[in-house]
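Let me begin by presenting the structure, written as structure tokens, before commenting on it.
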Amino acid sequence: MKNTKLGVFVVGAIFVALLIGSVAAFGFGNGFGKNLSDEEKIQMKTFRDNVQTAVENNDYAEWKSLMESQLTEENFQKLVDRQSKISEAKDLMKQIKTAMENGDTEKAEDLREQMHELMPEKAKAYGIGYGKMKHGFGSTEDED
Numbered sequence: 021m022k023n024t025k026l027g028v029f030v031v032g033a034i035f036v037a038l039l040i041g042s043v044a045a046f047g048f049g050n051g052f053g054k055n056l057s058d059e060e061k062i063q064m065k066t067f068r069d070n071v072q073t074a075v076e077n078n079d080y081a082e083w084k085s086l087m088e089s090q091l092t093e094e095n096f097q098k099l100v101d102r103q104s105k106i107s108e109a110k111d112l113m114k115q116i117k118t119a120m121e122n123g124d125t126e127k128a129e130d131l132r133e134q135m136h137e138l139m140p141e142k143a144k145a146y147g148i149g150y151g152k153m154k155h156g157f158g159s160t161e162d163e164d
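Quick note on the numbering used here: the sequence shown kicks off at 21 and runs consecutively.
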């Protein structure tokens, strides 16, 4: 019985790892396809459709093959790099908030520029590096 539970856990962990690999490969959750070329969008849609078909057909071998195709060193490195950027961005957001609370607008502006250089798409969404911050940056407190 313990081996069965362990097997289910291992399969679940592999599924999560594969899912993360596909997210890293195709950039889901980062403006969903916003920065993809037309060819990349077609590839992403084809991949999603093929995964969906494999699941609907209860075809584990095909699903596994599709998911394994995303487990590459390049995709792993993309995931590592993205996580590093996210951590750095969260730290910068906290520093900006603290600087604003302390009335240090010069430091806040310097930090906004760093944020813009790190993640221009996120910085634009939060008004960082584009004049004054929107909503005093309060909308990001829930991201922790």
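Glycine residues also receive a C-beta, built at the ideal position from the N, C-alpha and C atoms.
- Of all C-beta pairs linking the segment 113–127 to the segment 84–96, fewer than three are shorter than 8 Å, placing the two stretches out of contact.
- By the C-beta density criterion, A128 is buried, having at least 16 other C-beta atoms within 10 angstroms.
- In terms of Cα proximity to E137, the closest of F96, Y80, A74, E108 is E108.
- Each residue's CA atom was taken as its position, placing K98 and K105 some 11 Å apart.
- Short of 8 Å from the beta carbon of L131, and not among the five residues preceding or following it, lie these beta carbons of its own chain, in chain order: L112, Q115, I116, A119.
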